[in-house]
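Numbering (this note's numbering), first residue to last: 1 to 257. Using N, Cα and C, we set each Cβ at its ideal position, and we do this for glycine too.
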(Lines of atoms letter the chains of each structure in order from A and count residues from 1; the text may use other names and numbers.)
(Lines give C-alpha, C1' and ligand atoms only; values in the text may rest on other atoms or scores of the structure.)
Protein backbone atom coordinates (compact mmCIF):
# COMPACT_ATOMS: atom_id res chain seq x y z
CA UNK A 1 0.00 0.00 0.00
CA UNK A 2 2.87 2.39 0.78
CA UNK A 3 4.40 2.09 -2.74
CA UNK A 4 0.96 2.76 -4.24
CA UNK A 5 0.51 5.92 -2.14
CA UNK A 6 4.04 7.06 -2.98
CA UNK A 7 3.47 6.65 -6.72
CA UNK A 8 0.07 8.35 -6.53
CA UNK A 9 1.56 11.31 -4.66
CA UNK A 10 4.37 11.48 -7.22
CA UNK A 11 1.81 11.69 -10.03
CA UNK A 12 -0.01 14.54 -8.28
CA UNK A 13 3.23 16.39 -7.53
CA UNK A 14 4.42 15.93 -11.11
CA UNK A 15 1.56 17.85 -12.72
CA UNK A 16 1.43 20.44 -9.93
CA UNK A 17 5.08 21.33 -10.62
CA UNK A 18 4.11 22.48 -14.10
CA UNK A 19 0.70 23.87 -13.17
CA UNK A 20 0.80 26.51 -15.90
CA UNK A 21 0.99 23.77 -18.52
CA UNK A 22 -1.32 21.25 -16.86
CA UNK A 23 -4.06 23.44 -15.33
CA UNK A 24 -3.75 27.06 -16.48
CA UNK A 25 -3.44 26.26 -20.20
CA UNK A 26 -6.61 24.09 -20.27
CA UNK A 27 -8.38 26.83 -18.30
CA UNK A 28 -7.45 29.42 -20.92
CA UNK A 29 -8.59 27.08 -23.72
CA UNK A 30 -11.96 26.51 -22.04
CA UNK A 31 -12.35 30.24 -21.40
CA UNK A 32 -11.77 31.00 -25.08
CA UNK A 33 -14.15 28.25 -26.24
CA UNK A 34 -16.86 29.60 -23.94
CA UNK A 35 -16.24 33.19 -24.97
CA UNK A 36 -16.19 32.55 -28.72
CA UNK A 37 -18.69 29.72 -29.13
CA UNK A 38 -20.86 30.09 -26.04
CA UNK A 39 -21.20 33.86 -25.73
CA UNK A 40 -20.34 35.36 -29.12
CA UNK A 41 -21.96 32.72 -31.33
CA UNK A 42 -24.36 31.25 -28.79
CA UNK A 43 -27.13 33.72 -29.57
CA UNK A 44 -27.23 32.53 -33.19
CA UNK A 45 -27.11 28.80 -32.39
CA UNK A 46 -30.30 26.72 -32.09
CA UNK A 47 -31.52 25.59 -28.69
CA UNK A 48 -31.64 21.87 -27.89
CA UNK A 49 -34.66 20.53 -26.00
CA UNK A 50 -35.25 24.03 -24.65
CA UNK A 51 -31.66 24.44 -23.41
CA UNK A 52 -29.68 27.45 -24.58
CA UNK A 53 -26.48 26.77 -26.50
CA UNK A 54 -24.13 28.06 -23.79
CA UNK A 55 -25.58 25.65 -21.23
CA UNK A 56 -25.45 22.87 -23.82
CA UNK A 57 -21.78 23.60 -24.57
CA UNK A 58 -20.44 23.61 -21.01
CA UNK A 59 -20.72 19.84 -20.26
CA UNK A 60 -19.11 19.05 -23.63
CA UNK A 61 -16.14 21.27 -22.82
CA UNK A 62 -15.94 19.76 -19.34
CA UNK A 63 -15.71 16.26 -20.80
CA UNK A 64 -13.26 17.31 -23.51
CA UNK A 65 -10.92 18.84 -20.92
CA UNK A 66 -11.31 15.84 -18.63
CA UNK A 67 -10.52 13.29 -21.34
CA UNK A 68 -7.60 15.17 -22.87
CA UNK A 69 -5.90 15.91 -19.56
CA UNK A 70 -6.40 12.43 -18.12
CA UNK A 71 -4.85 10.93 -21.25
CA UNK A 72 -2.00 13.42 -21.32
CA UNK A 73 -1.20 12.99 -17.64
CA UNK A 74 -0.77 9.22 -17.63
CA UNK A 75 0.85 9.00 -21.06
CA UNK A 76 3.31 11.86 -20.52
CA UNK A 77 4.28 10.47 -17.12
CA UNK A 78 5.26 7.12 -18.64
CA UNK A 79 6.90 8.59 -21.73
CA UNK A 80 8.99 11.07 -19.74
CA UNK A 81 9.99 8.27 -17.35
CA UNK A 82 11.07 6.19 -20.35
CA UNK A 83 13.15 9.08 -21.62
CA UNK A 84 14.87 9.61 -18.27
CA UNK A 85 15.20 5.89 -17.49
CA UNK A 86 13.10 6.07 -14.32
CA UNK A 87 10.46 3.69 -15.66
CA UNK A 88 12.83 0.72 -15.40
CA UNK A 89 12.91 1.25 -11.62
CA UNK A 90 9.26 0.17 -11.40
CA UNK A 91 10.27 -3.35 -12.45
CA UNK A 92 12.38 -3.83 -9.34
CA UNK A 93 10.28 -1.73 -6.96
CA UNK A 94 8.00 -3.58 -4.49
CA UNK A 95 4.84 -2.54 -6.32
CA UNK A 96 2.42 -4.66 -8.34
CA UNK A 97 1.11 -3.95 -11.83
CA UNK A 98 -2.33 -3.25 -10.37
CA UNK A 99 -0.92 -0.66 -7.99
CA UNK A 100 0.97 1.00 -10.85
CA UNK A 101 -2.16 1.17 -12.98
CA UNK A 102 -4.39 2.51 -10.23
CA UNK A 103 -1.85 5.05 -8.92
CA UNK A 104 -1.28 6.49 -12.39
CA UNK A 105 -4.96 6.35 -13.30
CA UNK A 106 -6.11 8.11 -10.14
CA UNK A 107 -3.43 10.76 -10.55
CA UNK A 108 -4.66 11.39 -14.10
CA UNK A 109 -8.27 11.43 -12.88
CA UNK A 110 -7.43 14.13 -10.33
CA UNK A 111 -5.88 16.36 -12.99
CA UNK A 112 -8.75 15.81 -15.42
CA UNK A 113 -11.35 16.43 -12.71
CA UNK A 114 -9.70 19.71 -11.71
CA UNK A 115 -9.84 20.90 -15.32
CA UNK A 116 -13.50 19.81 -15.63
CA UNK A 117 -14.40 21.59 -12.38
CA UNK A 118 -12.67 24.80 -13.46
CA UNK A 119 -14.51 24.64 -16.79
CA UNK A 120 -17.82 24.24 -14.95
CA UNK A 121 -17.10 27.21 -12.66
CA UNK A 122 -16.08 29.46 -15.56
CA UNK A 123 -19.09 28.29 -17.57
CA UNK A 124 -21.41 29.04 -14.66
CA UNK A 125 -20.03 32.57 -14.48
CA UNK A 126 -20.72 33.02 -18.19
CA UNK A 127 -24.24 31.64 -17.69
CA UNK A 128 -24.88 34.08 -14.86
CA UNK A 129 -23.58 36.95 -16.99
CA UNK A 130 -25.56 36.01 -20.11
CA UNK A 131 -28.65 34.28 -18.73
CA UNK A 132 -28.91 35.68 -15.22
CA UNK A 133 -28.56 32.29 -13.50
CA UNK A 134 -25.83 29.89 -12.45
CA UNK A 135 -25.75 26.50 -14.16
CA UNK A 136 -26.98 23.97 -11.58
CA UNK A 137 -26.24 20.25 -11.71
CA UNK A 138 -29.41 18.42 -12.77
CA UNK A 139 -28.36 14.87 -11.81
CA UNK A 140 -25.28 14.91 -9.54
CA UNK A 141 -24.87 11.12 -9.34
CA UNK A 142 -24.78 10.75 -13.12
CA UNK A 143 -22.37 13.68 -13.38
CA UNK A 144 -19.96 12.17 -10.84
CA UNK A 145 -20.26 8.71 -12.40
CA UNK A 146 -19.35 9.87 -15.91
CA UNK A 147 -16.52 12.09 -14.67
CA UNK A 148 -14.95 9.17 -12.83
CA UNK A 149 -15.49 6.58 -15.56
CA UNK A 150 -14.37 8.83 -18.42
CA UNK A 151 -11.31 10.02 -16.49
CA UNK A 152 -10.27 6.45 -15.71
CA UNK A 153 -10.90 5.25 -19.27
CA UNK A 154 -8.64 7.90 -20.77
CA UNK A 155 -6.02 7.46 -18.07
CA UNK A 156 -5.94 3.74 -18.88
CA UNK A 157 -5.77 4.52 -22.58
CA UNK A 158 -2.83 6.84 -21.94
CA UNK A 159 -1.03 4.08 -20.03
CA UNK A 160 -1.66 1.58 -22.81
CA UNK A 161 -0.47 3.84 -25.61
CA UNK A 162 2.57 5.13 -23.71
CA UNK A 163 3.93 1.65 -22.94
CA UNK A 164 3.92 0.78 -26.64
CA UNK A 165 5.13 4.16 -27.92
CA UNK A 166 8.78 4.34 -28.91
CA UNK A 167 8.92 8.07 -29.71
CA UNK A 168 7.22 11.28 -28.63
CA UNK A 169 5.94 11.64 -32.18
CA UNK A 170 3.92 8.43 -31.93
CA UNK A 171 2.15 9.72 -28.84
CA UNK A 172 1.44 13.08 -30.46
CA UNK A 173 0.16 11.38 -33.62
CA UNK A 174 -2.26 9.24 -31.63
CA UNK A 175 -3.69 12.33 -29.93
CA UNK A 176 -3.91 14.37 -33.13
CA UNK A 177 -5.24 11.79 -35.57
CA UNK A 178 -7.39 9.55 -33.37
CA UNK A 179 -8.43 11.21 -30.11
CA UNK A 180 -9.03 14.73 -31.38
CA UNK A 181 -11.35 13.77 -34.29
CA UNK A 182 -13.33 11.37 -32.09
CA UNK A 183 -13.71 14.09 -29.46
CA UNK A 184 -14.99 16.70 -31.90
CA UNK A 185 -17.31 14.18 -33.57
CA UNK A 186 -18.69 13.04 -30.21
CA UNK A 187 -21.16 15.89 -29.79
CA UNK A 188 -19.04 18.37 -27.84
CA UNK A 189 -20.21 21.42 -29.80
CA UNK A 190 -23.45 20.33 -31.41
CA UNK A 191 -26.23 17.81 -30.91
CA UNK A 192 -26.16 14.93 -33.38
CA UNK A 193 -29.90 15.59 -33.89
CA UNK A 194 -28.82 18.39 -36.24
CA UNK A 195 -26.80 16.00 -38.43
CA UNK A 196 -27.84 14.05 -41.51
CA UNK A 197 -29.16 10.55 -40.60
CA UNK A 198 -26.04 8.96 -42.14
CA UNK A 199 -23.72 10.99 -39.91
CA UNK A 200 -25.96 10.34 -36.93
CA UNK A 201 -25.49 6.62 -37.51
CA UNK A 202 -21.70 7.01 -37.68
CA UNK A 203 -21.68 9.22 -34.58
CA UNK A 204 -23.51 6.54 -32.59
CA UNK A 205 -20.59 4.20 -33.32
CA UNK A 206 -18.28 6.65 -31.55
CA UNK A 207 -17.91 5.57 -27.88
CA UNK A 208 -17.02 9.12 -26.86
CA UNK A 209 -20.56 10.18 -27.77
CA UNK A 210 -21.91 8.22 -24.80
CA UNK A 211 -19.40 9.66 -22.33
CA UNK A 212 -20.02 13.23 -23.49
CA UNK A 213 -23.79 12.89 -23.48
CA UNK A 214 -23.71 11.06 -20.17
CA UNK A 215 -22.06 14.03 -18.49
CA UNK A 216 -24.36 16.40 -20.37
CA UNK A 217 -27.36 14.57 -18.95
CA UNK A 218 -25.84 14.74 -15.48
CA UNK A 219 -25.23 18.49 -15.73
CA UNK A 220 -28.21 19.87 -17.69
CA UNK A 221 -30.60 16.91 -17.89
CA UNK A 222 -30.67 16.49 -21.69
CA UNK A 223 -28.87 13.97 -23.89
CA UNK A 224 -28.81 12.59 -27.42
CA UNK A 225 -28.69 9.03 -26.05
CA UNK A 226 -30.50 7.25 -23.24
CA UNK A 227 -28.73 6.51 -19.98
CA UNK A 228 -29.77 2.88 -20.30
CA UNK A 229 -27.29 2.77 -23.20
CA UNK A 230 -24.67 5.31 -22.08
CA UNK A 231 -24.01 3.69 -18.69
CA UNK A 232 -23.39 0.11 -19.97
CA UNK A 233 -21.24 1.39 -22.86
CA UNK A 234 -19.14 3.42 -20.40
CA UNK A 235 -18.70 0.50 -18.00
CA UNK A 236 -17.78 -1.79 -20.89
CA UNK A 237 -15.24 0.77 -22.08
CA UNK A 238 -13.65 0.85 -18.64
CA UNK A 239 -13.39 -2.95 -18.52
CA UNK A 240 -11.84 -3.12 -22.00
CA UNK A 241 -9.24 -0.43 -21.36
CA UNK A 242 -8.41 -1.77 -17.91
CA UNK A 243 -7.63 -5.10 -19.53
CA UNK A 244 -5.61 -3.34 -22.23
CA UNK A 245 -3.58 -1.44 -19.63
CA UNK A 246 -2.80 -4.69 -17.81
CA UNK A 247 -1.71 -6.29 -21.08
CA UNK A 248 0.47 -3.28 -21.92
CA UNK A 249 2.24 -3.44 -18.56
CA UNK A 250 3.02 -7.11 -19.08
CA UNK A 251 4.09 -6.90 -22.73
CA UNK A 252 5.01 -3.24 -23.25
CA UNK A 253 8.47 -1.72 -23.07
CA UNK A 254 10.00 -0.35 -19.86
CA UNK A 255 13.32 0.33 -21.56
CA UNK A 256 14.91 3.75 -21.74
CA UNK A 257 14.74 5.51 -25.09
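Cα separation between residue 60 and residue 75?
Roughly 23 Å between the two C-alpha positions.
Does the pairing of the stretch 134-142 with the stretch 25-33 give three or more beta-carbon distances under 8 Å?
With a cut-off of 8 Å, the stretch 25-33 and the stretch 134-142 do not count as touching, because too few Cβ pairs lie within range.
What is the DSSP secondary structure of residue 79, counted as helix, strand or coil?
If DSSP states are grouped into helix, strand and coil, residue 79 belongs with the helices.
Whose CA, out of 178, 68, 7, lies closest to the CA of residue 101?
In terms of Cα proximity to residue 101, the closest of 178, 68, 7 is 7.
Can you give me the Cβ contacts of residue 216 inside the same chain, cut-off strictly under 6 Å, excluding the 5 residues immediately before and after it?
The beta carbon of residue 216 is closer than 6 Å to those of 59, 223 in its chain, skipping five residues each way along the sequence.
Work out the CA separation of residue 153 and residue 164 for me, nearest whole Å.
Going by the C-alpha atoms only, they are around 17 Å apart.
Exposed or buried, what is residue 1 when buried is set at 16 or more other beta-carbons lying within 10 Å of its beta-carbon?
Counting of Cβ neighbours within 10 angstroms places residue 1 among the exposed residues, the total staying below 16.
Does the distance from the C-beta atom of residue 62 to that of residue 183 stay below 8 Å?
No.
Going along the chain, which residues of its own chain have a beta-carbon closer than 7 Å to the beta-carbon of residue 260, five neighbours each way excluded?
What the structure shows of the chain is the stretch from 1 to 257, and residue 260 is not part of that stretch, so it cannot be assessed.
Going by DSSP, name the residue or residues bridged to residue 235.
Residue pairing from DSSP leaves residue 235 without any beta-bridge partner.
Report yes or no: do the stretch 97-117 and the stretch 8-24 share at least 3 C-beta pairs separated by less than 8 Å?
Contact between the stretch 97-117 and the stretch 8-24 is present, because at least three Cβ pairs lie under 8 Å.
Element boundaries [alpha helix (DSSP H), containing residue 162]:
Run containing residue 162: 140-164, per the alpha helix (DSSP H) assignment.
Hey, would you say residue 211 sits closer than 8 Å to residue 225, going by beta carbons?
Going by C-beta atoms, residue 211 is not nearer than 8 Å to residue 225.
Give me, in chain order, the residues of the same chain whose beta-carbon lies closer than 7 Å to that of residue 106; leave out the 5 immediate sequence neighbours on both sides.
Taken in chain order, the residues that qualify are 8.
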